[in-house]
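**Q** Have a look at this one before I ask anything.
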Ligand code: B12
Ligand code: SF4
């Protein structure tokens with residue numbers, strides 16, 4: 055049964071996503087006056103949160119409403135290039151329409167300064183609008199988020215259900231069907247007396263089959279496909295599963311999606327992909343799930359159905375928990391033309407595996423990596439160093455394993471203690487955290503030095519991580535072991551050097567590969583000349599790598615002595 059209070063004839067709702075970049079400080083603004091909002095400043099990705107929330111509002115709201123959806127990342131900008139002032143002008147223009155309700159989505163905690171800016175603007179331009187924030191910061195700090203002047207509600211994690219409850223409450227609509235089916239929890243509300251009421255998140259969506267698929271109808275699809283496309287597009291995001299039953303202490307996924315693992319019916323996922331493909335001509339899809347193969351049987355069915363999709367549809371998976379990988383899954387992944395799988399091992403210390411509650415058996419992992427590679431799939435491994443109380447010796451075990459296990463590529467990061475995680479709480483209790491919870495801009499993995507140790511600091515960790523990446527990705531990579539691997543490596547590096555032209559190690563590896571693959575001395579010389587030029591540039595950080603003992607560097611050294619005049 056639906057009851058209505060004094061509902062406006064037409065409720066105007068704005069759903070807006072803030073940029074997934076830092077908010078530029080006045081100093082940065084001055085420096086970046088020209089062309090700030092280009093691809094490099096705004097990492098582009100179609101915003102699934104907006105599509106899910108839009109789908110839910112259209113499906114569940116019973117009032118008359120007009121929904122406007124805007125992604126403030128590149129895709130909603132009318133011009134290809136613009137000045138920063140124009141960008142702010144563009145944002146102001148969004149609020150010209152005068153909305154009754156403004157919903158603000160923010161993906162990462164470090165985007166929170168953007169949220170504050172948009173909240174102020176929304177309030178200034180639409181003073182009567184109710185303002186609701188959701189996403190990164192409000193999930194972890196709901197009380198702080200709702201305490202911000204002019205914010206009325208802050209949503210914790212998964213937002214499709216709670217936002218319907220909140221809008222119904224604002225409009226005094228009682229929808230008992232919806233209320234009986236879905237509890238109203240996981241939010242913070244600013245009460246009329248200014249106090250904050252927190253309702254803990256206890257329930258998560260478990261009946262995905264009954265919920266609407268994401269609504270992309272508002273999305274300017276022609277910016278990513280067709281003749282007018284102007285952004286690099288790595289696939290439209292699709293999320294098929296939610297929640298993770300594992301307990302890794304550094305991970306914040308539980309705060310968003312809970313621990314109960316739930317999945318869409320395979321047929322629903324396939325229909326979602328097919329309808330986007332048919333309607334918009336999109337052929338690339340990116341499955342962003344944290345742990346898609348957790349239920350092996352469901353995943354094998356999904357792969358079987360993916361195999362039946364039209365050939366031109368390309369599906370890429372983000373991550374896999376290595377615990378869920380076995381020979382059947384590997385076979386299924388091969389059948390759906392996956393070339394690479396990404397796994398997070400994180401630490402090469404068995405003791406640390408226990409401390410961070412990852413609980414991977416490292417011997418077992420080595421065997422699995424071998425099995426995946428033997429079956430012709432590439433492995434990208436993720437590693438972390440600098441957990442609270444981690445010793446330098448344990449860090450060494452990780453760097454050793456990252457090299458020895460011979461995956462096709464790696465990424466290694468100093469650990470960032472994300473608020474909202476068990477690791478953060480424990481380390482804070484031990485006074486090992488060096489983070490100001492109001493300094494949103496620093497809440498990002500790229501900011502080292504947030505965990506304190508007597509054995510290491512952020513700078514040392516960054517250096518160890520970088521050196522290990524250079525060794526594993528370029529110098530001591532299994533690709534060099536076979537002719538076909540060397541050719542693949544050369545093709546890959548030729549692509550990479552366009553993006554990283556000032557990286558002498560890439561030039562050295564390319565020179566070496568030209569030499570051993572084709573005996574192409576001219577090309578070898580040209581790459582080595584370039585490397586030499588870069589190494590001779592003022593304070594080249596890369597000089598230290600020349601002392602390392604790898605065939606690529608030896609070949610460069612022998613070219614240098616053959617060409618000693620140039621070298622001088
Ligand atoms: C894909 C992804 C990426 C892609 C992003 C591509 C893109 N442009 O979107 C890439 C690889 C670039 C990436 C990078 C990083 N990522 Co990331 N990423 C993800 C991942 C796997 C999926 C994100 C996503 O689309 N989720 C689906 C959408 C629907 O979820 P959502 O945005 O949270 O929205 C829901 C709710 O939050 C809420 N909601 C959101 N907005 C709103 C608004 C309103 C009004 C309401 C009511 C509700 C609401 O409702 C939505 C639907 O339920 C998540 C993990 C996950 N499973 O969510 C991590 C995650 C978001 N990433 C994370 C991190 C830490 C990072 C990095 C910082 C890591 C790093 N190595 O540096 C970088 C930073 C990127 C940058 N800009 O510099 C953390 C965020 C932690 C935090 N609290 O800030 C997450 C949660 C992973 C984790 N387990 O810790 N990431
Ligand atoms: S890191 Fe991955 S496996 Fe561990 S809890 Fe988070 S989502 Fe689950």
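In the working numbering, the protein residues as written are 55 to 622.
Note that the Cβ used here is the ideal one computed from N, Cα and C, for glycine as well.
Since we're looking at a predicted model, the values are computed, not measured.
Measure the alpha-carbon distance for residue 390 versus residue 288 and round it to whole angstroms.
**A** Residue 390 and residue 288: Cα-Cα distance of roughly 17 Å.
**Q** With DSSP as the reference, label residue 69 as helix, strand or coil.
**A** Residue 69: strand per DSSP, three-state reduction.
**Q** Quick one: grab the DSSP three-state call for residue 205.
**A** Note: residue 205 maps to coil in three-state DSSP.
**Q** Just to be sure I understand the criterion: a residue counts if its Cβ is closer than 5 Å to at least one heavy atom of ligand 2. Which residues meet that?
**A** In chain order, the hits are 298, 300, 302, 305, 307, 344, 375.
**Q** Closest to residue 521 by CA distance: which of 490, 235, 449 is it?
**A** Residue 521 has its Cα closest to that of 449, out of 490, 235, 449.
**Q** Ignore the nearest five residues each way along the sequence and tell me which others in residue 211's own chain have a CB closer than 8 Å to its CB.
**A** Contacts found: 193, 240, 255, 258, 309, 310, 311, 312.
**Q** Helix, strand or coil: how does DSSP classify residue 468 here?
**A** Looking at residue 468 - three-state DSSP - the assignment turns out to be strand.
**Q** On a CA-only basis, which of 516, 588, 429, 125 is nearest residue 470? Give me that one, please.
**A** Looking at the Cα atoms, 516 is the closest of the given residues.
**Q** Please report how far the alpha carbon of residue 103 lies from the alpha carbon of residue 325, in whole angstroms.
**A** Computed Cα separation, rounded: 19 Å.
**Q** The alpha helix (DSSP H) spanning residue 272 covers which residue range?
**A** No alpha helix (DSSP H) holds residue 272; DSSP gives it neither H nor E.
**Q** Applying the 10 Å Cβ sphere with the 16-neighbour rule, what's the burial state of residue 598?
**A** Result: exposed.
**Q** Using the three-state DSSP reduction, which class does residue 579 fall into: helix, strand or coil?
**A** Residue 579 falls in the helix class under three-state DSSP.
**Q** Identify, in the order they occur along the chain, each residue of the same chain with its Cβ nearer than 7 Å to the Cβ of residue 109, setting aside the five sequence neighbours on each side.
**A** Cβ neighbours of residue 109 beyond the five flanking positions: 266, 267, 268, 269.
**Q** Kindly identify the DSSP beta-bridge partner or partners of residue 317.
**A** Note: residue 317 sits in a beta bridge opposite 295.
**Q** Since residue 606 contacts residue 566 with CB under 8 Å, what's their CB separation in whole angstroms?
**A** Yes, they are in contact, since the Cβ atoms of residue 606 and residue 566 sit about 4 Å apart, within 8 Å.
**Q** Rounded to whole angstroms, what's the CA-CA distance from residue 514 to residue 560? Just pull it up for me.
**A** Taking the straight line joining both Cα atoms gives about 23 Å.
**Q** Give me, in chain order, the residues of the same chain whose beta-carbon lies closer than 6 Å to that of residue 251; leave out the 5 immediate sequence neighbours on both sides.
**A** For residue 251, where only same-chain residues beyond five positions count, the Cβ hits under 6 Å are 243, 245.
**Q** Could you pull the DSSP bridge partners for residue 438 from this structure?
**A** Beta-bridge pairing links residue 438 to 467.
**Q** Quick one: is residue 195 buried, meaning 16 or more other Cβ sit within 10 Å of its Cβ, or exposed?
**A** Answer is buried; the Cβ neighbour count reaches 16.
**Q** Which of helix, strand or coil does DSSP assign to residue 310?
**A** DSSP places residue 310 in helix when its eight states are reduced to three.
**Q** Confirm the yes/no value for this check: CB of residue 196, any heavy atom of ligand 1, distance under 7 Å.
**A** No; taking the cut-off as 7 Å, the Cβ of residue 196 has no heavy atom of ligand 1 nearer than that.
**Q** Once DSSP output is grouped into helix, strand and coil, what is the label at residue 410?
**A** Residue 410 falls in the coil class under three-state DSSP.
**Q** Got a sec: does ligand 1 put a non-hydrogen atom nearer than 7 Å to the Cβ of residue 141?
**A** It does not: the Cβ of residue 141 is nowhere closer than 7 Å to a heavy atom of ligand 1.
**Q** Are the stretch 292-299 and the stretch 315-323 touching by the rule of at least three beta carbon pairs closer than 8 Å?
**A** Judged by Cβ distances under 8 Å, the stretch 292-299 makes contact with the stretch 315-323, as three or more pairs qualify.
**Q** Would you tell me roughly how many angstroms separate the C-alpha atoms of residue 568 and residue 463, rounded to the nearest one?
**A** Their backbone Cα atoms lie some 21 Å apart in a straight line.
**Q** For the alpha helix (DSSP H) holding residue 254, just list the boundary residues, first then last.
**A** It is not in any alpha helix (DSSP H) - residue 254 carries neither H nor E in the DSSP assignment.
**Q** Where does the unbroken beta strand (DSSP E) through residue 77 begin, and where does it stop?
**A** Element bounds for residue 77: n/a, residue is neither H nor E.
**Q** How close, in whole Å, do the beta carbons of residue 337 and residue 366 come, if the pair is a contact with beta carbons under 8 Å?
**A** Contact holds; Cβ gap of about 5 Å.
**Q** Just to confirm the assignment, what range does the alpha helix (DSSP H) spanning residue 289 have?
**A** Note, residue 289: premise wrong, no alpha helix (DSSP H); not H, not E.
**Q** Flag this pair as touching only if the stretch 537-549 and the stretch 584-592 have three or more C-beta atom pairs under 8 Å; answer yes or no.
**A** No, the stretch 537-549 is not in contact with the stretch 584-592.
**Q** Which word fits residue 453, buried or exposed, when buried means at least 16 other C-beta atoms lie within 10 angstroms of its C-beta?
**A** So residue 453 counts as buried.
**Q** For ligand 1, any of its heavy atoms closer than 7 Å to the Cβ of residue 161?
**A** Yes, since a heavy atom of ligand 1 falls inside the 7 Å radius drawn around the Cβ of residue 161.
**Q** One question on the structure: do residue 399 and residue 376 come within less than 8 Å of each other, judged by their Cβ atoms?
**A** For residue 399 and residue 376, yes; Cβs fall inside 8 Å.
**Q** With H, G and I counted as helix, E and B as strand and the rest as coil, what does DSSP make of residue 397?
**A** The answer is strand: DSSP assigns residue 397 an E or B state.
**Q** In this structure, how does DSSP classify residue 514 when only helix, strand and coil are distinguished?
**A** Correct three-state label for residue 514: helix.
**Q** Using 7 Å as the cut-off, classify the Cβ of residue 498 as near or not near the heavy atoms of ligand 1, replying yes or no.
**A** Flag set: Cβ of residue 498 near ligand 1.
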